[in-house]
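**Q** Before I ask anything, here is the structure I am working with.
In the numbering used here, the protein residues as written are 60 to 626.
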């Protein structure tokens, strides 16, 4: 018999009063701004107020994973369950997570508040509007788009080339029909006709720079640096050139403050920002981590997708900007993910798992375990300790878990099985103790590349040292763009590689730990507001579509106003 649905579990929870949750993180009540009874903003004055902590105190732990299946492997549930497990063994702990996008909530994957008895609550508010931060990002992004087109309409004194505009529009909905659109149709007063498109709000550069900003001043400076396109003579045109940055900062003023919620067991959770994992950092905000690391023993934060993507960007981009250094990484693995990497099964979103995959077969786990080995290598390459967390499912067999334990034993890596989804924090106590033991050992953190390394060599370093590629093949237009970015002064920025999350390589069909391949870079773009340059490898969709039967079809209100079907 299975456990109740996530929504049923969350709806039945008894929540602690917000001042009590804040007190567990030593946040005085004067610095919380309630949004209803169960959510609050944390006043940013907390970071500079007299008498408040101003330096890092906590051990800082990133939760990452092996290469996931399309269904995800439970990083959020593990982060939440582990936080509760640490609290149960007497640690003062906080968890910092991204806010879910409503696109996937109403699409295929569902929400991202955790699952089972390892959830952040209130689950409905977290997965829907929360405090309106996503809407603020959407509004700020689209204000800039409107001011750009308004500038073109009124004479284009900046000489912007309409064929070289890079700034699109944003919406927090999965809608493939908006990927490519034509605007400005109609009469002359309806604007300049041109082709553009929409990205999902999580893919907006505004979302990323909000996540990476360290203060209101830093936020405004980042907004000023956003490049919307280029002039006829090749000069980058910025939000500051259009006079839009100040108004955008005003829209985002409240959104810069992190949101305080709690787990089912009352552990403080700071939920803030939600950058896309494929083309952006895929991590929650620097601000939330600064608040948490000054006030807890241990802070757990999650990085999107596998260690090749989320953890790499966490280390090379977020930590570089924040000045924070991780003390360990929790590497989440599931039996089903390793079986998928055997190449013997096909997992499709929205469809049941193949029955053969659910049957006990340690040989299938063994056939895909190279993926776990590679992700352990990736974490160790940053000079920090990996702790492997086996996110246990009811269909797993002990023999299958043993294959994972045996590999960890051979590599000298700490490992624990966690049953937090079914048992809450109690099911993560063994993992909590293993992590605490790992945190006793010093680390030698290192970046993959230095800031003054040329951009092309930064891309090559990530491809070869992290992914295990034999090298990179940069297309001539991309090489030309890299040279131009160096000339424009973007050469010291870190790099993000936009690629599939379903393989360590750029090719989603290459499972396990592929070797003998090269990374093709077809295009590079600059995101100077966020503070990085990103290389595009493969076909990356920044506006998802809906499936034939999306989750939205199952979500409703009953006659009492209670939400039904949210997952």
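Each residue gets a CB set at the ideal place from its N, CA and C atoms; glycine is no exception.
Treat the numbers as computed from the prediction; the structure is a model and nothing was measured.
Grouping DSSP H, G and I as helix and E and B as strand, with all else coil, what is residue 297?
**A** In the chain shown, residue 297 corresponds to position 238, counting from 1. Looking at residue 297 - three-state DSSP - the assignment turns out to be strand.
**Q** Take residue 368 and list the residues in its own chain whose beta-carbon comes closer than 7 Å to its own, dropping the five residues that flank it on each side.
**A** Taking the chain shown and counting its residues from 1, the one referred to as residue 368 is at position 309. Answer for residue 368: 336, 341 and 560, listed in chain order.
**Q** Going by DSSP, what residues sit across from residue 615 in a beta bridge?
**A** As a working mapping, residue 615 is identified with position 556 in the chain shown. Residue 615 is bridged to 623.
**Q** In this structure, how does DSSP classify residue 410 when only helix, strand and coil are distinguished?
**A** On the chain shown, position 351 is the one that residue 410 refers to. Note: residue 410 maps to coil in three-state DSSP.
**Q** Can you give me the C-alpha to C-alpha distance between residue 154 and residue 364, rounded to a whole angstrom?
**A** Residue mapping note: residue 154 aligns to position 95 of the chain shown, counting from 1. Residue mapping note: residue 364 aligns to position 305 of the chain shown, counting from 1. Looking at the two C-alpha atoms, the distance is approximately 17 Å.
**Q** Would you identify the three-state DSSP class for residue 174, choosing helix, strand or coil?
**A** Position 115 of the chain shown, counting from 1, holds the residue named residue 174. Residue state, collapsed to three classes: strand.
**Q** Rounding to the nearest angstrom, what Cα-Cα distance links residue 530 and residue 370 in this structure?
**A** Numbered from 1 along the chain shown, position 471 holds the residue referred to as residue 530. Numbered from 1 along the chain shown, position 311 holds the residue referred to as residue 370. Rounded to whole angstroms, residue 530 to residue 370 spans 21 Å at the Cα level.
**Q** Between residue 303 and residue 202, which are expected to be in contact by the criterion C-beta below 8 Å, what is the C-beta distance as a whole number of angstroms?
**A** On the chain shown, residue 303 is found 244 positions in, with the first residue counted as 1. On the chain shown, residue 202 is found 143 positions in, with the first residue counted as 1. That belief holds up - the Cβ atoms of residue 303 and residue 202 are roughly 6 Å apart, short of 8 Å.
**Q** Assign residue 141 to one of three DSSP states: helix, strand, or coil.
**A** Within the chain shown, residue 141 is the residue found at index 82, counting from 1. Helix, per DSSP.
**Q** Along the chain, where does the beta strand (DSSP E) that runs through residue 259 open and close?
**A** Within the chain shown, the letter at position 200 stands for residue 259. It spans 257-259 - the beta strand (DSSP E) in which residue 259 sits, taken as one unbroken run.
**Q** Report the CB separation of residue 266 from residue 332 in whole angstroms; it is logged as a contact under 8 Å.
**A** Counting from one through the chain shown, the residue named residue 266 turns up at place 207. Counting from one through the chain shown, the residue named residue 332 turns up at place 273. With 8 Å as the limit, residue 266 and residue 332 qualify as a contact, their Cβ atoms being about 6 Å apart.
**Q** Go through its chain and collect everything with a Cβ distance to residue 381's Cβ below 6 Å, but skip five positions before and after it.
**A** Working through the chain shown from its first residue, we reach residue 381 at position 322. Result list for residue 381: 345, in chain order.
**Q** Would you check if the segment 346-355 and the segment 285-297 touch, i.e. whether three or more CB-CB distances between them fall below 8 Å?
**A** No, the segment 285-297 is not in contact with the segment 346-355.
**Q** Evaluate contact between the segment 560-574 and the segment 504-519, counting only Cβ atoms and requiring at least three cross-stretch pairs below 8 Å.
**A** No contact exists between the segment 560-574 and the segment 504-519.
**Q** Do residue 448 and residue 475 have their C-beta atoms closer together than 9 Å?
**A** Indexing the chain shown from 1 puts residue 448 at position 389. Indexing the chain shown from 1 puts residue 475 at position 416. Yes, Cβ-Cβ distance for residue 448 and residue 475 is below 9 Å.
**Q** Could you check whether the segment 530-546 touches the segment 577-597, counting it as contact only if at least three pairs of C-beta atoms, one from each stretch, sit closer than 8 Å?
**A** Yes, the segment 530-546 is in contact with the segment 577-597.
**Q** Rounding to the nearest angstrom, what Cα-Cα distance links residue 493 and residue 499 in this structure?
**A** Along the chain shown, read from residue 1 onward, the residue named residue 493 stands at position 434. Along the chain shown, read from residue 1 onward, the residue named residue 499 stands at position 440. Computed Cα separation, rounded: 10 Å.
**Q** Going by DSSP, which residues form a beta bridge with residue 92?
**A** The count along the chain shown starts at 1 and reaches residue 92 at position 33. Answer by DSSP bridge pairing, in chain order: 100.
**Q** Can you check which of these residues, 521, 453 and 222, is closest to residue 208 by C-alpha distance?
**A** The residue labelled residue 208 in the question sits at position 149 within the chain shown. Nearest C-alpha to residue 208: 222.
**Q** Quick check: the Cα distance between residue 482 and residue 297, rounded to an integer number of angstroms?
**A** Within the chain shown, residue 482 is the residue found at index 423, counting from 1. Within the chain shown, residue 297 is the residue found at index 238, counting from 1. Straight-line Cα distance between these residues: approximately 51 Å.
**Q** Alpha carbon to alpha carbon, what distance is there between residue 68 and residue 60?
**A** To locate residue 60, count along the chain shown from 1; it is residue 1. To locate residue 68, count along the chain shown from 1; it is residue 9. Note that residue 60 scores a pLDDT of 45, beneath 50, so its modelled location is shaky; the value from the coordinates is reported in the next line. About 15 Å.
**Q** Following a CB-centred definition, is residue 256 positioned closer than 8 Å to any heavy atom of the ligand NAD?
**A** This structure simply doesn't include the ligand NAD, nor any ligand for that matter.
**Q** Residues in the same chain with beta-carbon distance under 6 Å from residue 402, minus the five sequence neighbours each way, listed in chain order, please.
**A** As a working note, residue 402 is residue 343 in the chain shown. Closer than 6 Å at the Cβ level, and outside the excluded window around residue 402, lie 570.
**Q** Put residue 236 into one of helix, strand or coil per three-state DSSP.
**A** Locating residue 236 in the chain shown gives position 177, where the first residue counts as 1. Correct three-state label for residue 236: helix.
**Q** What residue range does the alpha helix (DSSP H) around residue 264 cover?
**A** As a working mapping, residue 264 is identified with position 205 in the chain shown. 264-271 is the extent of the alpha helix (DSSP H) around residue 264.
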